[in-house]
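Working notes, structure below.
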Ligand SMILES: [Zn+2]
C-alpha cells in the first residue's frame, strides 16, 4: 500500500483548528450570497487566489474578510459541520476547535445563538461521521483582558461543549501576562488553559504563557527552539506543543517544512501534536500535514501515529474517553501496519 493510503487510514485527533479558518471557498461564496454582500470574489477559484497570501498581515486580512462575511448565527452550523466532515475524511476522530465569539458579537451576532448553531453542526457531524468535537473559546489578545473577562461572563452563562480558553491575536503587541487574572478565573470555572505563543513572537512570549497563565498547551511554540532552557521546562511540565507546520510556512514563521522545529521538539521528548490551524485558508488537511512530515522531515508511520496518540493523551477529554479512544487507535494502527 502506498504511504498516502496508509496515512489516510491512520486514526487522528486534532487540537488546533479555528472554525472560521475552516470555511471552504464555496461556503465563503454562499456566506456572501446569504448575507447579500458585495465581495471581491465570484468563484471558488477567486477565493483560492484570495487565500494565496504571503505574510502574516495578509493572512489576518483574509481571515477578517471571512469574519465579515458571517452575518447570521445559524451560518455557524454549516461551517462547523463542514469542518468536521473534512476532518472525518482524514480519519480524524476527535477535534478541539477554537471559536472567537467577540469577533462576531462586535458585528452584531448573538453569542448564545452562535454557540447553539456550532453545536448543531457538531451534533449532525457526530451522527453522520461518528466524530467528536469540543470547543475552545479564543479570547483574542487584541481585545484586552477586560473584554476577556466579559467573554468569561458569557461562558459562565452558557458553556455547552466548551472545554478551554485559548488566546490568539497579536503576540507582540499584547503580551500574555496581561491575561493572568483572566486565566486564573477561567481555571476556577473549570476551563482548561491554552494560549497561542511563540508563533509571531520570541521565547519570552512562551515563557509568559507558561509562567503567568499556567497553560497546559502552547499553540505553535515555534520559537522555543531558540532556548534550550525553555524546551527543557516544557518537557518537565509536560506542556503540549500544538505544532501547525503548513500554517507556519504559509505565514512565513519558517521558510519550509524542513526548517520546522517539530523534529527537534520530538527528538527531545516533548509532547507534540500535529494540527492544521486554518486548513481551508492554508490549503491543507491532516493527511497532508502527516504526509509533508513524512516526505520533508522523514517521520516514519510509527512516529506519525505517535502524534495521533499524543493528541489523544493530551486532549481535554475525560480520562475514560481518552483510554477508550487510545485503545481503539492502537487497534486500528496495528491492523494498518500489519496489512502494509
Ligand atoms: Zn491558531
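Residue numbers (this note's numbering): 3 to 342.
Heads up, the beta-carbon is just placed ideally off N, CA and C, and yes, glycines get one too.
Since this is a predicted model, take the numbers as computed values, not measurements.
Nearest to residue i by alpha carbon, out of the options?
i, options, result
"residue 118", "87, 76, 39", "76"
"residue 108", "69, 265, 252, 96", "69"
"residue 2", "159, 57, 37", "There is no way to answer for residue 2, as the model of the chain reaches only from 3 to 342."
"residue 256", "168, 333, 201", "201"
"residue 113", "66, 89, 161", "161"
"residue 38", "24, 71, 66", "71"
"residue 60", "330, 252, 328", "252"
"residue 79", "120, 153, 65, 266", "120"
"residue 350", "296, 310, 55", "Residue 350 lies beyond the residue range present for the chain, which begins at 3 and ends at 342; the question has no answer from this structure."
"residue 46", "27, 32, 23", "27"
"residue 309", "260, 320, 14", "14"
"residue 289", "90, 272, 262, 333", "90"
"residue 335", "25, 292, 311, 63", "311"
"residue 20", "32, 186, 62", "62"
"residue 262", "238, 301, 29", "301"
"residue 22", "54, 6, 106, 329", "106"
"residue 258", "291, 64, 95", "291"
For ligand 1, I want to know if residue i counts as a neighbour, meaning its beta carbon is within less than 6 Å of at least one of the ligand's heavy atoms.
i, result
"residue 221", "yes"
"residue 279", "yes"
Less than 8 Å between C-beta atoms, sequence neighbours within five positions excluded: which residues of the same chain meet that for residue i?
i, result
"residue 36", "73, 74, 77"
"residue 203", "173, 174, 225"
"residue 144", "171, 172, 175, 176"
With residue i as the anchor, note down where its alpha helix (DSSP H) starts and where it stops.
i, result
"residue 272", "Looking at the DSSP string, residue 272 is not in any alpha helix (DSSP H), and its letter there is neither H nor E."
"residue 139", "Counting along the chain, residue 139 falls outside any alpha helix (DSSP H), though it belongs to the beta strand (DSSP E) covering 134–140."
"residue 326", "321–341"
"residue 212", "205–213"
"residue 184", "182–190"
"residue 229", "It is not in any alpha helix (DSSP H) - residue 229 carries neither H nor E in the DSSP assignment."
"residue 115", "113–131"
"residue 253", "No alpha helix (DSSP H) contains residue 253, which DSSP labels as neither H nor E."
"residue 286", "Unbroken run through residue 286: none, as it is neither H nor E."
"residue 28", "27–36"
"residue 59", "58–71"
"residue 159", "146–159"
"residue 6", "5–11"
Looking at ligand 2, does it come within less than 6 Å of residue i, judged from the CB to the closest heavy atom?
i, result
"residue 149", "Here the bound small molecules are ligand 1; ligand 2 is not part of this structure."
Skipping 5 residues on each side, what residues in its chain have a beta carbon closer than 7 Å to that of residue i?
i, result
"residue 11", "93, 338"
"residue 324", "314, 315, 317"
"residue 229", "205"
"residue 34", "41, 71"
"residue 104", "142, 145, 149, 153"
"residue 286", "248, 278"
"residue 178", "169, 197, 199, 207, 210, 211, 214, 215"
"residue 180", "147"
Kindly say whether residue i, judged by its beta-carbon, lies nearer than 7 Å to any beta-carbon of chain C.
i, result
"residue 269", "Within the model displayed, chain C is absent; a lone protein chain is all it includes."
For the beta strand (DSSP E) holding residue i, just list the boundary residues, first then last.
i, result
"residue 78", "Per DSSP, residue 78 belongs to no beta strand (DSSP E); it is in the alpha helix (DSSP H), 77–91."
"residue 243", "242–245"
"residue 14", "14–20"
"residue 98", "94–101"
"residue 196", "194–199"
"residue 222", "219–222"
"residue 168", "164–168"
Between residue i and the rest of its own chain, which residues show a CB-CB distance below 6 Å, the 5 nearest in sequence each way excluded?
i, result
"residue 268", "274"
"residue 327", "314"
"residue 168", "100, 138, 140, 196"
"residue 260", "298"
"residue 244", "17, 18, 219, 221, 275, 277"
"residue 320", "none"
"residue 25", "68, 81, 282"
"residue 43", "49, 52"
Would the segment 77–93 count as touching the segment 124–136 if we require 3 or more Cβ pairs under 8 Å? The answer is yes - the segment 124–136 touches the segment 77–93, with three or more Cβ pairs under 8 Å.
State whether the segment 242–252 contacts the segment 276–283, with contact taken as three or more CB pairs (one from each stretch) at a distance under 8 Å. yes
Would you check if there are 3 or more beta carbon pairs closer than 8 Å linking the segment 43–59 to the segment 127–134? no
Assess, as a yes-or-no matter, whether the segment 325–339 is touched by the segment 212–224 under the definition of 3 or more beta carbon pairs within less than 8 Å. Inter-segment contact for the segment 212–224 and the segment 325–339 is absent: fewer than three beta-carbon pairs are separated by less than 8 Å.
Hey, is the segment 233–241 in contact with the segment 292–311, meaning 3+ C-beta pairs nearer than 8 Å? no
If you pair each beta-carbon of the segment 98–105 with each one of the segment 133–144, do three or more pairs fall below 8 Å? yes
Please confirm if the segment 151–160 is in contact with the segment 191–199, defined as three or more CB-CB distances below 8 Å between the two stretches. Contact between the segment 151–160 and the segment 191–199 is present: 3 or more CB-CB pairs across the two stretches fall below 8 Å.
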